[in-house]
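Okay, so here's the structure we're looking at.
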Ligand SMILES: [Mn+2]
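Residue numbers (full-length UniProt numbering): 1 to 197.
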């Protein structure tokens, strides 16, 4: 089983997180931020990665540290669970529609962290949630998971739909990229013979 657990405590947040890449999408999520819980829940569901995430952050300041640090811990957990990436598909890309919104996500699980994020929100908040934190999460995840991640929202209007299309797009891309490719089982998907930078 490709699993990992991360415990991460700072003066700003206290996070316990576990993932199972070969799961069914079962999620137990409690970050104290309702909209973020909703996004993480659908990230687990649509990636079929089991996620157990408990975060206690300094929400009396704002949601920034909590969202960013969950992104860091989730990225670290995914990277750890992948191990030497033997047999892994590695690349995935797709278009994710959500009503009027369309977002494209392309992913290379390469050990080469890079984020291109071309998604804009016309409003600053979704409920209490700052829309700029969507990018912060993707940045933290990409850097710590060691993935090259391109996200572009081609069009869209509703901020909730735009955010959801990004998270669902990441979910489906992750699901495809971490899947074991039966034709290449046991092989490391790189001409270098290793992945990791
Ligand atoms: Mn929703």
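All residues carry an ideal CB built from backbone N, CA and C; glycine is no exception.
Are the beta-carbon atoms belonging to residue i and residue j less than 8 Å from one another?
| i | j | result |
| --- | --- | --- |
| residue 105 | residue 94 | yes |
| residue 48 | residue 23 | yes |
| residue 96 | residue 161 | no |
| residue 41 | residue 26 | no |
| residue 136 | residue 64 | yes |
| residue 29 | residue 73 | no |
| residue 75 | residue 144 | yes |
| residue 171 | residue 43 | yes |
| residue 218 | residue 33 | This structure cannot settle anything about residue 218, because the visible part of the chain is limited to 1 through 197. |
| residue 4 | residue 52 | no |
| residue 138 | residue 123 | no |
| residue 35 | residue 127 | yes |
| residue 191 | residue 156 | no |
| residue 134 | residue 179 | no |
Got a sec? Which residues, its chain only, sit under 7 Å from residue i by beta carbon, not counting five neighbours each side?
| i | result |
| --- | --- |
| residue 184 | 87 |
| residue 188 | 84, 85, 86, 194, 195 |
What residues match up with residue i in a beta bridge as DSSP calls it?
| i | result |
| --- | --- |
| residue 63 | According to DSSP, which records beta bridges pairwise, residue 63 is partnered with nothing at all. |
| residue 151 | 105, 117 |
| residue 17 | 6, 53 |
| residue 130 | 125 |
| residue 27 | 51 |
| residue 143 | None; residue 143 has no bridge partner. |
| residue 180 | 88 |
What distance in whole Å lies between the Cβ atoms of residue j and residue i, which are believed to be in contact at a cut-off of 8 Å?
| i | j | result |
| --- | --- | --- |
| residue 89 | residue 112 | With a Cβ gap of about 16 Å, residue 89 and residue 112 do not count as contacting. |
| residue 118 | residue 69 | Incorrect: roughly 24 Å between the Cβ atoms, too far for contact. |
| residue 57 | residue 12 | 6 Å |
Beta-carbon within less than 6 Å of residue i's beta-carbon, same chain only, minus the 5 sequence neighbours each way: which residues are those?
| i | result |
| --- | --- |
| residue 196 | 111 |
| residue 109 | 90, 147, 177 |
| residue 2 | 21, 22, 81 |
| residue 169 | 96, 103, 105 |
| residue 92 | 107, 173, 176, 177 |
| residue 142 | 113, 115, 149 |
| residue 140 | 68, 71, 72 |
By Cβ distance, which residues of its chain are closer than 8 Å to residue i, with the 5 residues on each side in sequence left out?
| i | result |
| --- | --- |
| residue 62 | 130 |
| residue 186 | 86, 87 |
task: Write down every uninterrupted run of the beta strand (DSSP E) in the stretch 66-127 whose length is 3 residues or greater and which is fully enclosed by it, in chain order.
output: DSSP runs (the beta strand (DSSP E)) wholly in the stretch 66-127: 91-98, 101-109, 114-118.
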